[in-house]
Amino acid sequence: MLAYAGEVQSAVNLLGETMRIESASKTIQSCFRECLYDVPAFQRSYSWGRAELEDYWNDVVLAAGNFFFGTTVTWISEKRDLFNNTYSLIDGQQRITTSAIALSVVRDMARILADEHDEDNELAEEVKQLRELEQNVQGYLIARDDDAQEYPILKRPENMFWEVIQRPNSIPSGNVWDHSARRIGQARSYFEQEVRKSVEGGTLQERNVRLRNIRNNILQARIIQVELDSEEDAFLVFETLNTRGKELQLADLIKNMLTRGAASSSSDQQAVSNRWKLLESRVLSEDDNQPMMDRFIWQSWNSRYTAVKEPELYKRLKEKLGADSAAHLAYLEELELDAKTYRHLHDSSFEFPRRQKPAPRGPAPALTMPEVQDSIRALALFNVTVANSAVLALVRKYDAGSLLPKRQLLKALRAIENFHFQYTALASGGSTGGTRSRYNVFSVKLEEAESRQEVSVAVADLIEKLRNGLPTTARVEQGFKRLFYGPSEPRLTQAQKNSSRPALIRYVLCRIAQFKKELPAGAEQSRWTIEHIRPQSLAADGPSSAEYSIGNLVLLSEQANNYLGNANCSDKKNMLRTHSAPKDDTLLAWIDDENRSVIDKSEIEQRTHELACLAVESVWTLSQ
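First residue of the sequence shown: 1, per this note's numbering; consecutive thereafter.
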């Protein structure tokens, strides 16, 4: 929902404050000619993705006439007598930023078309018009006062906005793009693609006209600009609007609260804003959207304090922190600490830290342990997020001191992993409020524990509750026996697709091999290929064929798998003996039988049953 002037006035009335509020209808053209804009430290990052950009292109750029697309809430942060005032954007910066990005693409396309025909004398007039268009659009991105001093129309914190959008011939800063900068880059790439398609074909004059129409529609789009008296008024309206279900999300509100509550000077507020940007870069991968920050903040809270529902967290946090600036900074530090772990919980490709060499005295950080890494990767593979609060609490408690021994850390993480392998991956059980509550209660107990005894009791209680929540043995064994690996077919059900994921099959075979001491903890599973013992060519019944079942599968190194492509039966058996995992009794019996070239279907079924029993009774058990 966009915030309109009436909603702003309603927010003012709700606050019971005496505020001056003015509003005016403006086009983007008048905004960019009459105003300078600044994105203040407490504002959210640029976050528009494909869906919002498509709406902008269809509703604004392709509009038949003027299009009203929302409100900006501002306050005048800098006044000038002979030039435009600077307006800090409290709400609406996504729309202003997107308009600037789109105009930069129009500018650059005009230059590209002019450069392509610069030496064609017959098109000199058209080229001149394109050069004029390029300069005209640039005037909506950078303004000059009467002394020729330059001012960016929109001042954003990302260096790349100046270097790519506003002044592409400037010297690059060399700074790595953060999440917000990447989003801006993605938006520009989207508009480049759409503008290019729109101006393809026809004469140069026709292409010039189409490009000018795109510029005109961007500039004709209308907004309502709301102006407030002071930054404090802006903060209050910002907060009130967005706690009433408007556009911003939990992370935006908390960033605003921390910037206000932890710092009073502008330099300190900027420092808090910079720390928040770094926090975002630690939590979000390139393709993540802003709601992932909300989920992180919520799960971080639930790993320390009594659980609340996500929509209620902002109110609870505001009550907890009050007006204490030290408390605001302490909470920011809590988020920064948890962010170091959280990225690994939802991004399996994110590289874990390595233990320093030479190793410092004391225990290694939890995230450097191969066993910890294995369990975290497994939970990500199962798409389990409900346990994140417990994982955060365990890693944090272990790294904080000696109350949580390594043995108990690994036992607790493995219990969580084993529970979700049975409950989530095999029995297809979804997360429940009971499961989330179980993890929250454990996390709070662990956070508050002040002795090894209290820690031990909390871990034992968690494992007992997880054990009591397991599905029946028969259901788990049935789910295990449904695991298969074969050709992808469009007729597969979603359950079949889940049971045949290569990553899941590798995980299962690796975990069995680790249990049998054939592979070490932390083995890189992606380096292994999946080999069918009985040839796939003998399969006759599609996914239900024994040849595709878990009982017919082993892991091989990629080099060994390539070699087996042309190997005879004897060589294949030798390679399986030396380079495969796991090697159970049924597989070894077939390898040792010199008189048999193919393992029978009955033996595959027997191996499937044996592996299922081993999985439930030993490999993925939950023991104290």
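From the three backbone atoms N, C-alpha and C, an ideal C-beta is built for every residue, glycine too.
- For V61, count neighbouring Cβ atoms within 10 angstroms of its own Cβ and tell me buried if that reaches 16, exposed if not. Looking at its Cβ environment, which holds 16 or more other Cβ atoms inside 10 Å, V61 is buried.
- Which residue from R131, N562, K572 and G486 puts its Cα closest to that of E547? Comparing Cα-Cα distances from E547 to each of R131, N562, K572 and G486, the minimum goes to G486.
- Message: Considering Cα atoms alone, identify which of R396, A495 and Q525 is closest to I505.
- Response: Nearest option by C-alpha distance: Q525.
- Query: S623: buried (16+ other C-beta within 10 angstroms of its C-beta) or exposed?
  - Reply: The residue is exposed, with fewer than 16 neighbouring Cβ atoms inside 10 Å.
- Task: My understanding is that T86 touches E78, with C-beta atoms under 8 Å, so please give their C-beta distance in whole angstroms.
- Result: Contact check for T86 and E78: beta-carbon distance about 4 Å, within the 8 Å limit, so the pair qualifies.
- Taking the C-alpha atoms as reference points, what is the distance between Y342 and A251? Their Cα atoms are separated by approximately 15 Å.
- Sequence-distant residues of its chain with Cβ nearer than 6 Å to V195 (five each side left out): Contacts found: V105 and M109.
- Query: H609 to K583, Cα distance in whole Å?
  - Reply: A direct Cα-to-Cα measurement between H609 and K583 gives close to 15 Å.
- Task: Give me the Cβ distance between S169 and N159, rounded to the nearest whole Å; I'm assuming they're in contact under 8 Å.
- Result: Looking at the sequence shown, residue 169 is not Ser but Asn. Between the beta-carbon of N169 and that of N159 there is about 15 Å, and that puts the pair past the 8 Å contact cut.
- Look at E227 and T74 and say whether their C-beta atoms are less than 8 Å apart. Yes. Within cutoff.
- Item | CA-to-CA distance, A415 to F382, given in whole angstroms | Cα to Cα, the separation comes out at about 14 Å.
- Does the distance from the C-beta atom of S375 to that of Q299 stay below 8 Å? No, they are not a contact pair.
- Query: Taking one C-beta from the region 271–278 and one from the region 39–49 each time, how about it: are there three or more such pairs within less than 8 Å?
  - Reply: By the Cβ rule, the region 271–278 counts as touching the region 39–49, because three or more pairs are nearer than 8 Å.
- Opening and closing residue of the alpha helix (DSSP H) in which H328 lies: Unbroken alpha helix (DSSP H) run through H328: S325 to H346.
- In the DSSP assignment, find the unbroken beta strand (DSSP E) run with F484 in it and report its ends. F484 -> no beta strand (DSSP E), and no H or E assigned at all.
- For W57, collect the residues of the same chain with a Cβ closer than 7 Å to its Cβ; drop the 5 residues on either side in sequence, then sort them by chain order. These residues qualify, in order along the chain: E194.
- Query: Roughly how far, in whole angstroms, is the beta-carbon of Y423 from the beta-carbon of L379, given that I think they are within contact range, below 8 Å?
  - Reply: Incorrect: roughly 12 Å between the Cβ atoms, too far for contact.
- Looking at the unbroken beta strand (DSSP E) that takes in P152, where does it start and where does it end? Secondary structure note for P152: its beta strand (DSSP E) is the uninterrupted segment E150 to P152.
- Query: Should E54 be labelled buried (16 or more other beta-carbon atoms within 10 Å of its own) or exposed?
  - Reply: Of the other Cβ atoms in all chains shown, fewer than 16 fall within 10 Å of the Cβ of E54; this residue is therefore exposed.
- With 16 other CB atoms within 10 Å as the buried threshold, where does S618 fall? Label assigned to S618: exposed.
- Task: Label D571 either buried or exposed according to how many other C-beta atoms from any shown protein chain fall within 10 Å of its C-beta, with 16 as the threshold for buried.
- Result: Answer is exposed; the Cβ neighbour count stays below 16.
- Message: From the DSSP secondary-structure annotation, give me the bridge partner or partners of S557.
- Response: Under DSSP, the beta-bridge partners assigned to S557 are W528.
- Query: Do you know offhand how far Q205's Cα is from C31's?
  - Reply: When rounded, the distance between both Cα atoms is 29 Å.
- Would you grab the beta carbon distance between A221 and I28 for me? Rounded to a whole angstrom, and I think it's under 8 Å. At roughly 5 Å, the Cβ-Cβ gap stays under 8 Å, so A221 and I28 are in contact.
- Message: V384 and A427 - do their beta-carbons sit closer together than 8 Å?
- Response: Result no, Cβ atoms of A427 and V384 do not sit closer than 8 Å.
- Taking only runs of the beta strand (DSSP E) that begin and end inside the region 204–284, which ones reach a length of at least 3 residues, in chain order? As summarised for the region 204–284, the continuous beta strand (DSSP E) elements at least 3 residues long and confined to that stretch are 222–228, given in chain order.
- Query: Hey, how far is the Cα of N552 from the Cα of A581?
  - Reply: Each residue's Cα considered, the two are about 12 Å apart.
- Query: Do I604 and R534 have their CB atoms nearer than 8 Å?
  - Reply: Yes.
- Message: Taking only three categories from DSSP, how would you classify S47?
- Response: In the displayed model, S47 falls within coil according to three-state DSSP, outside both helix and strand.
- At what residues does the alpha helix (DSSP H) containing G185 begin and finish? H179 to S198 is the extent of the alpha helix (DSSP H) around G185.
- Message: Helix, strand or coil for T306? Go by DSSP, reduced to three states.
- Response: It is coil, neither helix nor strand.
- Message: The beta strand (DSSP E) that contains K26, what's its start and end?
- Response: Taken as a continuous stretch (DSSP letters only), the beta strand (DSSP E) holding K26 covers I21 to T27.
- Give a yes or no on whether the C-beta atoms belonging to L466 and V455 are separated by under 8 Å. Their beta carbons are not under 8 Å apart, which means L466 does not touch V455 by this criterion.
- Since K318 sits in a beta bridge, which residues does DSSP pair it with? The partner list for K318 (beta bridge, DSSP) is empty, contrary to what the question assumes.
- Task: Indicate the three-state DSSP secondary structure (helix, strand or coil) for S618 in the structure shown.
- Result: Helix at S618.
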